[in-house]
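Single-structure report; data block below.
Residue numbers (UniProt numbering): 1 to 287.
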């Protein structure tokens with residue numbers, strides 16, 4: 001068996017920045033155990049598997065596909081950067097003729113539209129709720145130490161906990177945080193949290209201007225730190241839109257690779273997440 005595989009860097013126009021994802025377009029479904037083995041072999045934060053919803057379609061002509069995402073250790077319900085990469089792979093390598101592609105996923109129907117300068121994803125918005133200060137004391141301490149914290153909120157739908165650093169912190173505080181993934185796991189194994197977002201207010205008036213910054217850690221899913229995370233911004237966008245009173249925002253994820261996301265919070269409970277993609281590798285998995 002031969003399986004095509006592409007590796008693309010999402011949320012960047014520069015190689016080796018953004019978040020890399022492996023994408024495998026499949027003519028037929030495989031066993032879940034094989035999906036997991038391939039994802040472990042690729043050893044990226046996510047590997048995406050695309051299959052056709054209509055057997056008469058090709059990857060060049062179809063407009064709707066099934067899409068699943070696997071980390072090296074588990075399947076996940078939503079992944080932004082691997083969705084962006086999947087659409088880009090179909091547009092760039094399979095020469096798909098449609099302007100918008102629809103993906104049937106565990107999180108419902110997701111649309112990706114090819115734009116003049118990148119791709120736009122239509123994702124569900126996941127507003128978080130405020131938590132009591134002592135609810136996640138150990139996890140907050142493990143994540144940010146003694147740095148001042150302004151807010152702690154949780155998206156129970158996505159199991160993403162967000163810690164907002166105080167506005168007195170500058171970007172270097174977030175960038176220089178040394179977060180131990182083992183300490184995070186030890187601090188909370190309740191199952192309530194699957195991903196930790198650390199964020200702070202940006203400086204939109206500077207150049208380049210960003211409305212907010214973030215970093216994302218998901219050791220509960222086998223990802224010590226995720227370089228650039230589209231799904232996290234379904235929570236971050238909801239939070240910062242309310243705080244800043246803005247519908248349109250620009251965000252930057254401050255991992256060592258880094259990535260830029262353009263966000264538009266819509267009135268229908270969804271969010272447009274836009275970014276660029278750079279292709280890195282094209283190959284074949286032989287089994």
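Ideal Cβ placement from N, Cα and C applies to all residues, glycine included. Just so you know, these numbers come straight off a predicted model, no measurement behind them.
Exercise. Are residue 253 and residue 286 close, meaning C-beta to C-beta below 8 angstroms?
Worked result: no
For this session: Note down, one range per segment and in chain order, each beta strand (DSSP E) of at least 3 residues found wholly within the segment 185-267.
Result: 195-201, 212-218, 223-226, 248-253 and 259-265
Exercise. DSSP on residue 137, reduced to helix/strand/coil?
Worked result: helix
Problem set entry | Reduced DSSP category for residue 83 - H, G, I as helix; E, B as strand; rest coil | helix
Exercise. For residue 106, which of 39, 123 and 15 has the nearest alpha-carbon?
Worked result: For the residues 39, 123 and 15, the minimum Cα distance to residue 106 belongs to 123.
For this session: State the Cα-Cα distance for the pair residue 200 and residue 210, rounded to the nearest angstrom.
Result: Distance from the CA atom of residue 200 to the CA atom of residue 210, rounded to whole angstroms, is 11 angstroms.
Exercise. Hey, which unbroken runs of the beta strand (DSSP E) at 3 residues or more fall wholly within the segment 2-26?
Worked result: 2-10 and 19-26
Exercise. With a Cβ-Cβ cutoff of 8 angstroms, do residue 263 and residue 219 count as a contact?
Worked result: No; because the gap between Cβ atoms is not below 8 angstroms, this pair is not in contact.
For this session: Report all residues from its chain with a CB closer than 7 angstroms to the CB of residue 29; omit the five preceding and five following residues, and keep chain order.
Result: Within the same chain, residue 29 has close Cβ partners 51.
Exercise. On the three-state DSSP scale, how would you describe residue 41?
Worked result: helix
Problem set entry | Neighbour-count burial assignment, residue 198, 16 or more Cβ in a 10 Å radius | buried
For this session: Please work out which residues of its chain come closer than 7 angstroms, Cβ to Cβ, to residue 143, disregarding the five sequence neighbours upstream and downstream, and give them in chain order.
Result: The beta carbon of residue 143 lies closer than 7 angstroms to those of 163, 179, 184, 196 and 198 in the same chain, with the five residues before and after it left out.
Exercise. Which residue or residues does DSSP assign as beta-bridge partners of residue 108?
Worked result: 105.
Exercise. The beta strand (DSSP E) with residue 277 in it runs from where to where?
Worked result: Unbroken beta strand (DSSP E) run through residue 277: 277-286.
Exercise. Any idea what DSSP makes of residue 152, helix, strand or coil?
Worked result: strand
Exercise. DSSP three-state call for residue 115: helix, strand or coil?
Worked result: strand
For this session: From the DSSP output, read off the bridge partner residues of residue 124.
Result: 270
Exercise. Is residue 227 near residue 18, with beta carbons less than 8 angstroms apart?
Worked result: yes
Exercise. Where do the ends of the alpha helix (DSSP H) carrying residue 174 lie?
Worked result: 171-175
Exercise. Taking Cβ positions, are residue 275 and residue 11 nearer each other than 8 angstroms?
Worked result: yes
For this session: On the DSSP bridge assignment, give the partners of residue 49 in chain order.
Result: In the DSSP assignment, residue 49 is bridged to 24 and 68.
Problem set entry | Residue from 277, 224 and 232 with nearest C-alpha to residue 117 | In this structure, 277 is the residue among 277, 224 and 232 with its C-alpha nearest to the C-alpha of residue 117.
Exercise. At a cut of 8 angstroms, does the segment 147-163 reach the segment 231-244 through at least three beta carbon pairs?
Worked result: yes
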